[in-house]
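To start, the structure under review is shown below, and the notes come after it.
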RNA sequence: GGGCGGGUAGCUCAGUUGGGAGAGCAUCGGCCUUACAAGCCGAGGGUCACAGGUUCAAGCCCUGUUCCGCCUACCA
């Protein structure tokens, strides 16, 4: 990689892996420890160990990487902590599937052996996702990689659990929870996904004792009736105020159950009578608690009916539904079946229909924690960006319910609680106890449940930095600067980190939370395996290169809108990367063996001053955009600068100079400018496209080491207005306007580019004429002219095509080849356009309200604009008249 | 049921205190001009969803309507 010439096209495959190795070898991702610098830190949203890289990760990682690389270029200490999440249920499912394929079962193995198997699985496959993050270019400090089941993080989990228990914020009790009969575990409310399913509403008659009359109740889940312990009506329901029965017969079970009155019951629904099954419905459970009803659990944890279901024992819950309906029908108690589509909860991991079920679980009482987490956002200690998400955050936090944290699986952090088998004492402690503190019995049974995976992820921002030890890392880098994540885990994760961070660190876990878009498919649908519309990021990288892919994600990462991904778009940005490659190639050809690049301001041409001014402008734009998480603005500003300013104008204008046509001194100066602009542009682009910029940095003469160590961002570019050269920008505009006018005529009149032209311009303003004169060489070269004449307005040249640009009439002589009719048509079209532009301006100027109330500078601008348009119109009109008269003669 | 976001060129989308409607892709015409045909030059194309309102001035602010998407909720 030492040659100073570049291949004709950019080939990402050839260089990406080796640059990544280079960065790692040089420890360029290692967290800085310099004194006196800003400290910037991010913790990665840990992907599941079971995971494979998807578009969401790709976007998430790219944005974090951009910020980290950007901050490093600004000379800050940067810590980006990587790691993975043990993903309890998901991982257990994967390993169980693997066992099943081998004809084995976790119950055959037993708990310890099974957990060993999972660790082995993790050793073997857990690094896959990490390697994929590296493919994206993630500049994490890999020496600090963490796993939620690591020893240190496990200690943090224990400590948090014990403390919360001692503070009374963790409790255990019998409550209705969401039960997944397939995963065989409780789920938190958040872990249930609702989906509208076709279903029926069954109307069932519960008879009064010794009567053929009764109450008709309606239910979507008839099998739960076996566990009914009451029928409820609204106390204000007039139909039932005089009811003479206190009890009713539960059909099929022939059990007498009370008729109770509870305001929860809606009088309008059905017959106004509600069957109450406290063990299998959250609302019924609350009613049951209020009325001290017994709980009868008829559906077991395996989804089969229990002994309490009488003759239905052992049936699967859905089989039982059929059997119950058949039995009711036979007894003439099934009154009506109505179609009733309704929401049914599914396990977010395995999509099985969840069953509300009564069981003993551990809960976190989150209200007090949520309160502080709300305050932190209200006070602005933590800022959520885009701000629109704060409303969502508040809404959830205000309505938060206790968090069920116990899971009946084997893979995860085992709850540090023991029960004394002799006296029933519950012991919660960091160190495994050997005897009961109450009765000294040694018969202690350890809690078999593990904790919700999100319990450990909630500690991630500080547990990864070594908490509960008070490490240097924590002191330097906590709280983190920003958390970057998708809105889908705002509640699961962000909110919980906020609560835990504030409670245990006494400080918010992050200054900013940046919520990014979801990546969808071309049609805006969520990508999912079952839909088959998943685009594999690794395949995209393979085909187009990581840089092109990253640029695409960045350019489309506008705040508040989802990203629709298609390969065609990536292709467009591959062209951009290639364009960059080629402009570097062009520059390198001219640099040859030169080793030094310097220029003095006196030797600069207009285009040199202009491009330096534009460079400063784009640098300021990029800084401003990245500082405010407007990634797409940074990407598009750089795109425009590189392609449409640097390549389209500066390089083209500089060619004669670079080829030595204007003397050695000028040539050296322009080379110096080109070198500096290229160098600085690479640095500005590096956060977005790290690979190609590193490659080009090394090819570029007079650069040292890695581009990651470049300092131009903090001491090389003047980002203030002083960095601009407005005189150069204005003059350049005149030059490019004139050239565009000429090109327009070429295009419209189908004049071959090879044909050189004779052009006369007329301008009223002497300064304009002078400026044009000074830069006539540029105009002649780029406009491909044979002659260029500058005049004050006077007689218009005959047989020419005309273009009117700001304050200048451009006449392209077309002696002998002009088609007058065509030219008149063209000019009239132009005249029509101008008339369209004048109209709204004139309207404003005729409006006293506007003149009186609009700010003076706005009025002035409109007046000026109007004036130039009128002038343009007059010249065009005169030109048309003249050609018409020529045509006649 | 409640809440939020969106509707701008054929397509995908920008448009930051209200003050001249933009980009990329696609389309059409012309070019192998010594970095790049993954390129260069030029052109066409929009009642900014609809209806009102505020204002001298509205894509942008307010009200209503409509369509799409998402989140959330205990009507059995």
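In our numbering, the protein residues as written are 297 to 1185. Each residue gets a CB set at the ideal place from its N, CA and C atoms; glycine is no exception. Predicted model, so just to flag it, every value in this text is computed and none were measured.
### Query
Can you tell me whether residue 401 is buried or exposed, with buried defined as 16 or more other CB within 10 angstroms of its CB?
exposed
### Query
Do residue 489 and residue 641 have their C-beta atoms within less than 9 Å of each other?
yes
### Query
What does residue 467 pair with, by DSSP beta-bridge criteria?
659
### Query
Which residues in the same chain as residue 686 place their Cβ atom closer than 7 Å to its Cβ, once the five residues preceding and following it in sequence are excluded?
673 and 680
### Query
Exposed or buried, what is residue 297 when buried is set at 16 or more other beta-carbons lying within 10 Å of its beta-carbon?
Low local confidence applies: a pLDDT of 38 at residue 297 is under 50, so the model's placement there is unreliable, with the coordinate-based value given in what follows. Around the beta carbon of residue 297, a 10 Å sphere encloses fewer than 16 other beta carbons of the protein chains shown; the residue is thus reported as exposed.
### Query
Is the distance from the Cβ of residue 472 to the Cβ of residue 652 below 9 Å?
Taking the C-beta atoms as reference points, residue 652 is found nearer than 9 Å to residue 472.
### Message
Using 9 Å as the threshold, is the C-beta distance between residue 1186 and residue 630 below it?
### Response
The requested residue 1186 is not part of the displayed model; the chain covers only 297 to 1185.
### Query
Are three or more beta carbon pairs between the region 649–664 and the region 716–731 nearer than 8 Å?
With a cut-off of 8 Å, the region 716–731 and the region 649–664 do not count as touching, because too few Cβ pairs lie within range.
### Query
Out of curiosity, what's the CA-to-CA distance linking residue 1107 and residue 1178?
13 Å
#### Entry: Coil, strand or helix - residue 867 by DSSP
Note: residue 867 maps to helix in three-state DSSP.
### Query
Around the C-beta of residue 373, are 16 or more other C-beta atoms found within 10 angstroms, so that it is buried, or is it exposed?
buried
### Message
Using only the alpha-carbon positions, how far apart do residue 569 and residue 612 sit?
### Response
27 Å
### Query
Taking only runs of the beta strand (DSSP E) that begin and end inside the region 730–771, which ones reach a length of at least 3 residues, in chain order?
740–742
### Message
Let me check understanding here. Comparing Cα to Cα, which of 564, 350 and 712 lies closest to residue 277?
### Response
Here the chain has residues from 297 to 1185 only, and residue 277 is not among them.
### Message
I need the DSSP call for residue 986, collapsed to helix, strand or coil.
### Response
helix
### Assumed close pair residue 907, residue 979 - CB separation to whole angstroms, cut-off 8 Å
The beta carbons of residue 907 and residue 979 sit about 16 Å from each other, so the pair does not count as a contact at 8 Å.
### Query
Which two residues bound the contiguous alpha helix (DSSP H) that contains residue 269?
Any property of residue 269 remains undetermined from this structure, which presents the chain solely from 297 to 1185.
### Task
Mind listing, in chain order, the continuous alpha helix (DSSP H) runs of no fewer than 4 residues lying wholly within the region 876–959?
Runs found: 902–923, 927–936 and 948–954.
### Query
Under a three-way DSSP split, which group does residue 492 fall into?
strand
### Message
Less than 9 Å between the beta carbons of residue 345 and residue 382, yes or no?
### Response
yes
### Message
Taking the straight line between their C-alpha atoms, what separation do you get for residue 935 and residue 854?
### Response
15 Å
### Message
To the nearest angstrom, how far is the alpha carbon of residue 1173 from that of residue 850?
### Response
48 Å
### Message
Is the beta carbon of residue 921 closer than 9 Å to that of residue 930?
### Response
yes
### Query
So does the region 448–455 actually touch the region 748–765, counting three or more Cβ pairs closer than 8 Å?
yes
### Message
Looking only at its chain, what residues have a beta carbon closer than 7 Å to the beta carbon of residue 1020, apart from the 5 residues adjacent to it on each side?
### Response
909, 912 and 913.
### Message
In whole angstroms, give me the CA-to-CA distance for residue 761 and residue 1154.
### Response
55 Å
### Query
Can you tell which of 940, 1065 and 425 has the C-alpha that lies nearest to the C-alpha of residue 349?
425
#### Entry: Simplified DSSP assignment, three categories, for residue 456
helix
### Query
Where does residue 559 land, buried or exposed, given buried means 16+ other C-beta within 10 angstroms?
Counting other Cβ atoms within 10 Å of its Cβ, residue 559 stays below 16 and is therefore classed as exposed.
### Task
Work out the CA separation of residue 610 and residue 600 for me, nearest whole Å.
6 Å
### Task
Return the residue from the list 812, 763 and 656 that minimises the CA-CA distance to residue 782.
812
### Task
Whole angstroms is fine: what's the gap from residue 477's alpha carbon to residue 337's?
Roughly 41 Å separates the two Cα atoms.
### Task
Starting from residue 389, trace the beta strand (DSSP E) both ways and give me its first and last residue.
If you look at residue 389, you'll find it isn't in any beta strand (DSSP E); it sits in the alpha helix (DSSP H) that goes 384–397.
### Task
Using the DSSP secondary-structure output, state which residues sit across from residue 379 in a beta bridge.
442
### Query
Enumerated in chain order, which unbroken segments of the alpha helix (DSSP H) with a length of 4 residues or greater are wholly contained in the region 624–696?
663–674 and 684–694
### Task
Please state whether DSSP places residue 859 in a helix, a strand or coil.
Residue 859 carries a strand assignment under DSSP once its states are collapsed to helix, strand and coil.
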